[in-house]
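Written below as structure tokens is the structure these notes are about.
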Amino acid sequence: MKRYLVSALVLSMVCAGLLVLVLSNSVAAADDEIVTADRTLTAAFEKGDKATIQKWVDPEFTWIDTNGIMWPLRETLEAGIKPLVPSTGDIKVVEHKYGNVVWVQVNLDKNYSAHTWVKRGNGWKLLNTSEIAVHAPDYKVVRPTYDVPCINPCAYVPYQPLTANEKAALAGWQEQESGRPGMWAKHLADNLDQRAVASAGGPRGPKADIVAAQERANAQDPKRPVVAAVPFLWSRWWDEGTAVVMISVQPTYGQRAYWASRVFAPLNGTWMMMESYHVTIDSAPVMTAVPLDQSKDPKGLKMLTDRNGAN
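Each position in the sequence shown, counted from 1, maps to that position plus 9 in my numbering.
Printed below as a string of structure tokens:
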């Protein structure tokens, strides 16, 4: 198995109450622990070895498959779900460490699987699996020809953060998606060359290339409609101390809805989106936002008024 391990150790430092992400270029012996456990658990799922599965998974484990179906632990075991990426073969492995959260990606050809591990009192446990079989969309993506304000997640969210870390992670994400110049790049991590993966596009390009493409598009058509980040309708968050894990359901504008699985963590005092997987929900229809002059949505109209007043 080919292994491409990138190590990031998050150390808690009492310095203005901030967590500092410390990078390590060397691969310590402990780095092999989680990758080995991950391979063992994958093999257990392949064999239907429930005893081994129960040993390594968190009670709140969820599995998001390539069709965009989310399986909790009980249903995963009852259905006998098998891994998309096998435990053996020419598998590429990427490992990113965020203290009490470790993100492992396994990849074979166009198949990708993200495994989010969390540290518990009785050892490391797998909290979430998200699988992507990269493919071209079977429909035409339609970008709205009118402004779509960022009502959700920028101003309103169907979620109440319970801890200081959850509040900070949410605030960072809201600023990232605010549409204000530089905010998307500010909160999107690339210190470990992190690449988001989506069903329709596979791994995203380098952040610098995306920022440059966005700037070119704005320069070519400065009057093009401002289309906000997509909202989320349901989410669940886990504060693991050094990082926050989140899964959510997100409808899109002119596309199918998707499941998102993410890891947020602080880097040099700023909360960043460290990892992100977007799994298309195949059964979802292609949806879009309704223009405000038709919907008369009071939340959107207020945000539009506030934005125009600030300009």
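Where a beta carbon is used, it is the ideal one built from N, C-alpha and C, also for glycine.
Presumed contact (8 Å Cβ cut-off) between residue i and residue j, rounded CB distance
| i | j | result |
| --- | --- | --- |
| Val295 | Gly263 | 7 Å |
| Glu55 | Pro81 | So it is not a contact: roughly 20 Å between Cβ atoms. |
| Leu197 | Met281 | 7 Å |
Unbroken beta strand (DSSP E) run spanning residue i, endpoints
| i | result |
| --- | --- |
| Asn174 | Counting along the chain, Asn174 falls outside any beta strand (DSSP E), though it belongs to the alpha helix (DSSP H) covering Ala173 to Gln185. |
| Met296 | From DSSP, Met296 is part of no beta strand (DSSP E); its letter is neither H nor E. |
| Lys101 | Lys101 to Tyr107 |
| His287 | Thr279 to Thr289 |
| Ala269 | Tyr267 to Leu276 |
| Asp248 | Trp243 to Asp248 |
Host alpha helix (DSSP H) of residue i (start-end)
| i | result |
| --- | --- |
| Thr261 | Counting along the chain, Thr261 falls outside any alpha helix (DSSP H), and DSSP gives it neither H nor E. |
| Leu50 | Asp40 to Lys56 |
| Glu87 | Leu82 to Ala88 |
| Val220 | Lys216 to Gln229 |
| Ala60 | Lys59 to Trp65 |
CA nearest to the CA of residue i, picked from the options
| i | options | result |
| --- | --- | --- |
| Trp112 | Lys119, Asp118 and Ala123 | Ala123 |
| Phe173 | Asp248, Glu284, Asp302 and Glu87 | First, the amino acid is wrong: residue 173 is Ala here, not Phe. If we check each option's Cα against that of Ala173, Asp248 comes out closest. |
| Ala194 | Asn200, Gln185 and Leu201 | Gln185 |
| Ala180 | Ile62, Val66 and Pro275 | Pro275 |
| Val150 | Thr261, Lys311 and Tyr286 | Thr261 |
| Lys106 | Gly278, Ala252, Gln259 and Leu301 | Ala252 |
| Tyr148 | Val66, Val103, Ala266 and Gly57 | Ala266 |
| Thr154 | Thr314, Val299 and Gly191 | Val299 |
| Ala269 | Thr75, Asp67 and Ile43 | Thr75 |
| Ala205 | Lys64, Gln63 and Gln114 | Gln114 |
Counted within 10 angstroms of its Cβ, other Cβ atoms place residue i as buried (16 or more) or exposed
| i | result |
| --- | --- |
| Asp218 | exposed |
| His144 | exposed |
| Glu284 | buried |
| Lys308 | exposed |
| Gln203 | buried |
| Lys311 | exposed |
| Thr289 | buried |
| Ile223 | Per the sequence shown, the amino acid found at residue 223 is Gln instead of Ile. Per the 10 Å Cβ criterion, exposed. |
| Ala221 | exposed |
| Ala37 | Its pLDDT being 36, under 50, Ala37 is placed unreliably in this model, and the value from its coordinates should be taken loosely. With fewer than 16 other Cβ atoms within 10 Å, it is exposed. |
| Ala226 | exposed |
Could you say if the region 125-141 and the region 63-71 meet the contact criterion of at least three C-beta pairs nearer than 8 Å? yes
Any 3 or more C-beta pairs closer than 8 Å across the region 114-131 and the region 43-61: yes
Quick check: the region 234-248 against the region 157-168, are there 3 or more CB pairs under 8 Å? yes
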